[in-house]
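Numbering (our numbering), first residue to last: 125 to 928.
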Ligand code: 26V
């Protein structure tokens, strides 16, 4: 597109939206005008795409997820449309730097971490692969909280993203649907058929907002539909007496509270009514709209499984099972067997965690009270399931109870999905094996064909091409443009494995990206960091199983070693952390406080700070990850083996040339398979060894007593040298007061980790060797593209095809 054309579109938009000329517009107005012009372009492409797939009566994917961690959209859309250069040039005429506009855009932080970002990566990939897809979620007014660290403590502040982020959303008020909460169920017979009606319920309106999702160099534009809760406005407020008026306003606020805020936790089920309401609102509204759309094009719901693949992203949308059943039975008069058959063949479920405290369960009374009709259906599903299990496992009450959907006064969402969906998958080989061998073993036994694996993938055009333009430019020079469409083509880089000039260029690019990050760190933390030091990066949610603590204990160990021997010859290191903790997660917040204390100790000690620096970057989010990742040398993936379902940060770091320092957990296993022993730093117990050690009886105190280096750092926690004491952390490692001591085996893996870190240091001294490793990591990262992952879902689970 010519820049003149762009300028005229921008002028028109500016006048239309703000009543001013483009050259008088503020930066914010220019930003909005640019977004609106881009949005119009997406609308046109989308219309063409829709008419093509509708004509072909193509099957569609409906991706249901409570979270989509979209991040920013302007850069991504311009890049995908191939319009970045022309917009940059047009804006330059107005003395506007496109990069300044990028900075204005807030992240759409509608997710907590890996699960939400994965959903967004998959939407991008489906658009790039021309697969017709709609994502469904909630339009949270407040996304994931903004994090500040004050005196070492994490503080949470509201994220008012809609202020500027609303430009990408198109409301469709006319398509609002009603969702019913509470009340009673009335059942009666009519013409020999059971009739059902819910009465005295509280209605809430769900209003859809569309966000368009572009694909790379693709004629396909899909959309994300975000539901916003509204109180039905058909009550005449003025007609109420004063008391009722206040009550009406109160009800208004209660209805609208449903989509107010994203739950900022990914670690612990709390059984809060509001979260159940969020889930039902978005599930019910989405299914109503899917059904309506289907009936616009086909004459009955019999063909739903042939035309719609509904995907349940973790258990959060598991209410899809009873809600689809309800629609088929109550609204369309299907009998149970036929309705169940349609549900089974339409629905599929992905599990994203084995942590039992994160597997969703609802108190039965609360579920029944809020969703009376849905409860009846879940109870009937459970009754039939238990009958069936009684024939497979006669008399094995313990097993049947373990597999039941309702037991111990709780409704278990994972079992609901397992009982119904035609496919269930884990997100890495190891994780899928653990599902089959352990947590879902009994379901695997009765339906082995249901279970499959799809190893996660990333939208690498965002994580490599957009966030690391220098590396991308060089890759195009070295291996051509093929990798822009096909990530496997990155493998061509292998032919330069030992080419000195290529390795030097890789080093220069890394150095450049490190300088960019240094500037960011100087601005945000006021710390000067040496871009020649090793950038050792651990960025992810803060969770005990991810073991940020192991990383910190090693830094404390380094501190001691340097204090002991100030002339120690080691390459300088910068340890970089970024992580949000769930607001109510005490231990996680203690670990942040510890990182903060260690960074103060280390960075202020003249004998140490030349060799080691520690930086905690506040407010980790997609757009911050995009700055950190291109600058990383070492990717810390150090969870206790068996607990990290996959990880996707590991993939983003790898494709940017960082070398993994990790355990054999999640997708690290496949990363290891790709790069081989020589291009990864592996340490620690394997998943079977962890199991074995639990069985044998794990006693962290033995490690503490048997390892002087370890003992020294654990003692530092309680000695006061860190400025304050960290008694709770020490206690959680050594004593059995709540749960097992050192439940994540940090002490067991400490020595192995420290020795591997020493090897990392030695290796880095040989730059050529290190950048050999870095090159192999980039070259072998193609497997982890979301295009590959989505293609596997499309072929094996959804049975959908891209549109020609
Ligand atoms: C769980 C819960 C529990 C109740 C409170 C709210 C809430 C919100 C989210 C979750 C899901 C946690 C699961 C999760 O995020 N898993 C991550 O999924 C990534 C994508 O598959 C994967 O790479 C990570 O290893 C996995 O931890």
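Glycine included, each C-beta is placed from N, C-alpha and C at the ideal position.
Predicted model only: the values in this text are computed from it and were never measured.
Given residue i, which residues of its chain have a CB within under 6 Å of its CB, disregarding the five upstream and five downstream residues?
i	result
residue 585	340
residue 214	127, 130, 131
residue 537	439, 442, 484
residue 453	463
residue 789	763, 765, 768
residue 867	none
Residue i and residue j look like a contact to me (Cβ under 8 Å); what is the Cβ gap, rounded to whole Å?
i	j	result
residue 383	residue 293	At roughly 13 Å, the Cβ-Cβ gap does not stay under 8 Å, so residue 383 and residue 293 are not in contact.
residue 351	residue 442	Not really, about 17 Å apart at Cβ, beyond 8 Å.
residue 918	residue 255	6 Å
residue 158	residue 225	6 Å
residue 588	residue 602	With 8 Å as the limit, residue 588 and residue 602 do not qualify as a contact, their Cβ atoms being about 14 Å apart.
residue 787	residue 795	Not quite, the Cβ-Cβ distance comes to about 11 Å (not below 8 Å), so this is no contact.
residue 903	residue 775	That pair is no contact at about 14 Å.
Return the bridge partner residues of residue i from the DSSP annotation.
i	result
residue 184	432
residue 550	577
residue 232	195
residue 353	330
residue 259	187, 348
residue 511	Bridge partners of residue 511: none, in fact.
residue 312	319
residue 473	436, 548
Whose C-alpha, out of the options, is nearest the C-alpha of residue i?
i	options	result
residue 187	927, 667, 604, 914	914
residue 468	504, 545, 634	545
residue 201	345, 151, 581	345
residue 161	604, 476, 336	336
residue 302	397, 379, 249	379
residue 400	863, 444, 640	444
residue 191	529, 846, 242	242
residue 422	731, 846, 559, 180	180
residue 133	926, 771, 164	164
residue 228	921, 185, 286	286
residue 436	449, 716, 547	547
residue 353	331, 347, 927, 138	331
residue 456	318, 554, 184, 333	318
residue 881	799, 678, 283	678
residue 621	419, 329, 899	899
residue 907	835, 890, 793	793
residue 540	501, 746, 606, 385	501
Tell me which same chain residues have a C-beta within less than 7 Å of the C-beta of residue i, skipping the five on either side of it?
i	result
residue 720	273, 276, 740
residue 476	239, 438, 551, 769
residue 321	310
residue 429	466, 469, 470
residue 543	505, 509, 529
residue 207	125
Does any heavy atom of ligand 1 sit closer than 7 Å to the C-beta of residue i?
i	result
residue 703	no
residue 484	yes
residue 557	no
residue 771	yes
residue 477	yes
residue 871	no
residue 195	no
residue 817	no
residue 242	yes
residue 392	yes
residue 577	no
residue 385	no
residue 924	no
residue 501	no
residue 801	no
residue 580	yes
residue 821	no
residue 783	no
residue 551	yes
residue 790	yes
Near residue i, which residues of its chain fall below 8 Å by C-beta distance, leaving aside the five closest residues on each side in sequence?
i	result
residue 817	809, 869, 872
residue 154	134, 138, 146, 215, 218, 220, 225
residue 482	390, 391, 392, 393
residue 178	421
residue 524	510, 513, 514, 517
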